[in-house]
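J.: Can you read through this structure? Questions will come right after.
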Amino acid sequence: MTFVRDLVFMWEILPELLKGLVVTFQLTTLALVTGVILAVPVALVRKYTRGPLNWLATAYVEIFRGTPLLVQLFVVYYGLPELGIVFDRFTAAWAALFLNSAAYQSEYIRGAIGAVSEGQLIAARALGMKPLAAFRWVVMPQALRLALPAWSNEVAYMVKYVSVVYLIGAMELFTRGQIIISRTLKVVPVLLEVAAIYIIVVVAITRVMDYVEHRFSIPGLETSGMRREF
Amino acid sequence: MDYFIRCLKFILPAAEVTILVTVASLALGVLFGLLLAVARIYGRPGVRLAAALYSRVVRSLPSLVMIFIVFFTMVSVVPGASPLVMAVVALGACTTAYQSEIFRGAIQSLGSGQMLAARSLGMSRAAAIRFVIIPQALRLAIPAWSNEAAIVLKDSSLASAVGTVELLRRSQHIAAANHHYLPAYLACALIYFCLTFLTNRVLDAAEKRFRLRT
Numbered sequence: 030m031t032f033v034r035d036l037v038f039m040w041e042i043l044p045e046l047l048k049g050l051v052v053t054f055q056l057t058t059l060a061l062v063t064g065v066i067l068a069v070p071v072a073l074v075r076k077y078t079r080g081p082l083n084w085l086a087t088a089y090v091e092i093f094r095g096t097p098l099l100v101q102l103f104v105v106y107y108g109l110p111e112l113g114i115v116f117d118r119f120t121a122a123w124a125a126l127f128l129n130s131a132a133y134q135s136e137y138i139r140g141a142i143g144a145v146s147e148g149q150l151i152a153a154r155a156l157g158m159k160p161l162a163a164f165r166w167v168v169m170p171q172a173l174r175l176a177l178p179a180w181s182n183e184v185a186y187m188v189k190y191v192s193v194v195y196l197i198g199a200m201e202l203f204t205r206g207q208i209i210i211s212r213t214l215k216v217v218p219v220l221l222e223v224a225a226i227y228i229i230v231v232v233a234i235t236r237v238m239d240y241v242e243h244r245f246s247i248p249g250l251e252t253s254g255m256r257r258e259f
Numbered sequence: 003m004d005y006f007i008r009c010l011k012f013i014l015p016a017a018e019v020t021i022l023v024t025v026a027s028l029a030l031g032v033l034f035g036l037l038l039a040v041a042r043i044y045g046r047p048g049v050r051l052a053a054a055l056y057s058r059v060v061r062s063l064p065s066l067v068m069i070f071i072v073f074f075t076m077v078s079v080v081p082g083a084s085p086l087v088m089a090v091v092a093l094g095a096c097t098t099a100y101q102s103e104i105f106r107g108a109i110q111s112l113g114s115g116q117m118l119a120a121r122s123l124g125m126s127r128a129a130a131i132r133f134v135i136i137p138q139a140l141r142l143a144i145p146a147w148s149n150e151a152a153i154v155l156k157d158s159s160l161a162s163a164v165g166t167v168e169l170l171r172r173s174q175h176i177a178a179a180n181h182h183y184l185p186a187y188l189a190c191a192l193i194y195f196c197l198t199f200l201t202n203r204v205l206d207a208a209e210k211r212f213r214l215r216t
C-alpha cells in the first residue's frame, strides 16, 4: 500500500517539480545564449589580437575555468552586494552561469576556429574578400559547425549544473525538490522523481543534439575527433 | 586587504580536505571506471548493458543531486558516516561513470588489432587486456582524464552542501562569522585557481612523459 501511496504522492508533486524544470530551462537557455554572445568576441580576441586586450580575455577565461561554479555563484550573490551590486536570486544565478558558460564556450569556439585550416582564409582573400568578410562568411560558418559537438555537451552540462543554484535558493527543479522534502519529509520518492526527470531531460537533449550535429555536419569533414568525452 | 590575508590563512588548511576528497574520488573512479570500460567492451551482453546503463544514468544526474542521494541513503543505512566519506562516495560514483566513457573511448581507439595480435601470441584474453590494452589505453586517456580531474576538483566544492568542511565550507564559516563575504569567497576562488592550475601543469607533464611513441 505504501508503494501506491508513494506513487500518488509523486503524481501530486509533479506539477510543482515541473514548474522548477521550467526555471531550469529558462536559466539554461539564458546562460547559453548570452554565453555565446560573449564567447565569440572573447574567442576572437584571444585568437587574433595581442597585448592587454588578449591578456584580459585570457585571464577571464582562465579564472572562470579554474574556479568552481559554486564559488563564482557565491561571489556574485553574497560578495558583490558589499560593493553595492545587489542581484535577486534568479539574476545572480543567471549572471554566474552566464559568465562561467561564456568562458567554456569561448574555448570551444577558439578551438574550432583553429581547426579551420589557414588555407581557407588565404583562398577567401585571394578571391578578393576583405579579411572581415572572409572571416564572417568562410571561417565562422565552418568553425561554428566544428564547435557543435563540444557545444552540445555544454548544453547537457548546463542543464545539470543549474542545480547548483539551489544553494542560493533560486527556484529551479532541484530546489523545488528540496523544498518538498523539507515540507513532507518524504525523501526517497522526491529524490527518485527529481532524478528521473533529470535523466529523461538529459537523454532527450543528447538525442536532439545528436540530430542537430548530424544535420549540420559538413559532408566530408570529420568533426567527431573534437568531441570531449562526456 | 588585512582581512583577505586572514581569510586565506583561515581557509587554506581546508585545502587538505579538498585534495583528499578529489584524490580519493578520482582513485575510485579510475578503478571502477576501468572495470566498467572493460566490462562494456569485452563483457557478456548482460554485463555490457548493465555497465552502459550505469554510465548513462549517472551521467544524466547533476553531481549535486548525486551527493544528496548518497547523503540521504548513507544517513539511514550507515548512521555515523562522516560527510567526508559521503562526498567521496558520491563524487566517486559520478566520476566512475565519466571515466568509464574516457577509458572506453581510449580502448576503442586502439583498434581490435592489438587484441588479435596478443591472442595470437598465446596470451589469454585477461592477460591481453591487462598487459597490452590497458597500458596503452591509460596513456591515450591522459588528456581527457586531466580534464575530468579538474572537474572533480571543482565539483568537490558541492560537498560543502552536505557539511563536508572543505575550502568553500571553511570560507562560509569565516564569512558568516565576520559578515564580510566578498574577500572570503575571493580567497577561496584564489586557492581553487592555484589548485586547478597545479593539477593541469602536473597532468600536462605526465602526458608528455608517458606519451606513446609510434
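So the protein sequences, as listed, match chains A and B.
Note that the numbering used here has the first sequence beginning at 30, numbered continuously upward.
Note that the numbering used here has the second sequence beginning at 3, numbered continuously upward.
Backbone N, C-alpha and C define an ideal beta-carbon position, used for all residues, glycine too.
1) Mind listing which residues of the region 178 to 202 of chain A have their C-beta closer than 7 Å to chain B's C-betas, in chain order?
2) Where does residue 79 of chain B fall in DSSP's three states?
3) Between residue 107 of chain A and chain B, is any beta-carbon pair separated by less than 7 Å?
4) At the level of alpha carbons, what is the spacing between residue 32 of chain A and residue 214 of chain A?
5) Spell out a yes or no on whether the region 83 to 101 of chain A and the region 168 to 175 of chain A are touching, meaning 3 or more CB-CB pairs, one atom from each, closer than 8 Å.
6) On the CB-based measure, 16 or more other CB atoms within 10 Å of its CB, does residue 259 of chain A come out buried or exposed?
7) Quick one: is residue 69 of chain B near chain A, going by C-beta distance under 7 Å?
8) For residue 184 of chain A, which residues in the same chain have their Cβ closer than 8 Å to its Cβ, ignoring the five residues on either side in sequence?
9) Of all the options A/95, A/82, A/37, which has the alpha carbon lying nearest to the alpha carbon of residue 133 of chain A?
10) Please classify residue 123 of chain A as buried or exposed, where buried requires at least 16 other C-beta atoms within 10 Å of its C-beta.
11) Just the C-alpha distance for residue 63 of chain A and residue 89 of chain A, rounded to the nearest angstrom, thanks.
12) Could you tell me whether the region 215 to 228 of chain A touches the region 66 to 77 of chain A, where touching means 3 or more Cβ pairs closer than 8 Å?
13) Should residue 254 of chain A be flagged as near chain B, meaning a C-beta pair shorter than 7 Å?
14) Quick one: which chain A residues come within Cβ less than 9 Å of residue 6 of chain B?
15) Excluding the five sequence neighbours on either side, which residues of its own chain have a C-beta within less than 6 Å of the C-beta of residue 9 of chain B, listed in chain order?
16) Look at the alpha carbon of residue 190 of chain A and the alpha carbon of residue 126 of chain B, and state the distance between them as a whole number of angstroms.
17) Helix, strand or coil for residue 182 of chain B? Go by DSSP, reduced to three states.
18) Looking at residue 66 of chain B and residue 160 of chain B, is the spacing between their C-beta atoms short of 7 Å?
19) Taking the Cβ atom as the reference point for each residue, do residue 31 of chain B and residue 94 of chain B lie within a distance shorter than 7 Å?
20) For residue 222 of chain A, I'd like the list of residues in its chain whose CB is within less than 8 Å of its CB, leaving aside the five on either flank, ordered along the chain.
21) By the three-class DSSP mapping on this structure, what secondary structure does residue 116 of chain A have?
22) In three-state DSSP terms, what is residue 204 of chain A?
23) Suppose the cutoff is 6 Å on Cβ atoms and the five residues either side in sequence are ignored; what does the same chain contact list for residue 256 of chain A look like?
24) What is the C-beta distance between residue 142 of chain B and residue 111 of chain B, in whole angstroms, given that I count them as a contact (C-beta under 8 Å)?
25) State buried or exposed for residue 107 of chain A, treating a residue as buried only when at least 16 other CB atoms are found within 10 Å of its CB.
26) I want to know whether the region 189 to 199 of chain B touches the region 110 to 120 of chain A - three or more CB-CB distances under 8 Å.
27) Please tell me whether residue 66 of chain B has its Cβ less than 7 Å away from any Cβ of chain A.
28) Indicate whether residue 1 of chain B and residue 135 of chain B have their beta-carbon atoms separated by less than 7 Å.
29) Roughly how many angstroms separate the alpha carbons of residue 212 of chain B and residue 139 of chain A, rounded to a whole number?
30) Could you check where the alpha helix (DSSP H) with residue 102 of chain B kicks off and where it finishes?
T.: From the atom records:
1) 189, 190, 192, 193, 195, 196
2) Collapsing the DSSP output to three states places residue 79 of chain B in a helix.
3) yes
4) 16 Å
5) no
6) With a pLDDT of only 36 at residue 259 of chain A, under 50, the local geometry of the prediction cannot be trusted, and the value read off the model is given with reservation. Residue 259 of chain A is buried by the Cβ-count criterion.
7) By this cut-off, residue 69 of chain B is not an interface position.
8) These residues qualify, in order along the chain: 57, 61, 234, 238.
9) A/95
10) buried
11) Straight-line Cα distance between these residues: approximately 16 Å.
12) no
13) With a pLDDT of 44 at residue 254 of chain A, under the threshold of 50, the modelled position of that residue is not reliable, and the figure given next carries that caveat. False, the Cβ-Cβ gap to chain B never drops below 7 Å.
14) Ordered by position in chain A, no residue passes the 9 Å Cβ test against residue 6 of chain B, which lies about 12 Å from the chain.
15) 176, 185, 186, 189
16) Computed Cα separation, rounded: 44 Å.
17) coil
18) Yes, Cβ-Cβ distance for residue 160 of chain B and residue 66 of chain B is below 7 Å.
19) yes
20) 39, 42, 43, 46, 206
21) coil
22) helix
23) Unreliable positioning characterises residue 256 of chain A in this predicted model, as indicated by a pLDDT of 43, which lies under 50. The coordinate reading is nonetheless provided below. Answer for residue 256 of chain A: 178, listed in chain order.
24) 6 Å
25) Residue 107 of chain A should be labelled buried.
26) The answer is no - the region 110 to 120 of chain A does not touch the region 189 to 199 of chain B, with fewer than three Cβ pairs under 8 Å.
27) Chain A, which has a Cβ nearer than 7 Å to the Cβ of residue 66 of chain B, makes this yes.
28) This structure leaves residue 1 of chain B out entirely; chain B is present only between 3 and 216.
29) 27 Å
30) 85 to 112
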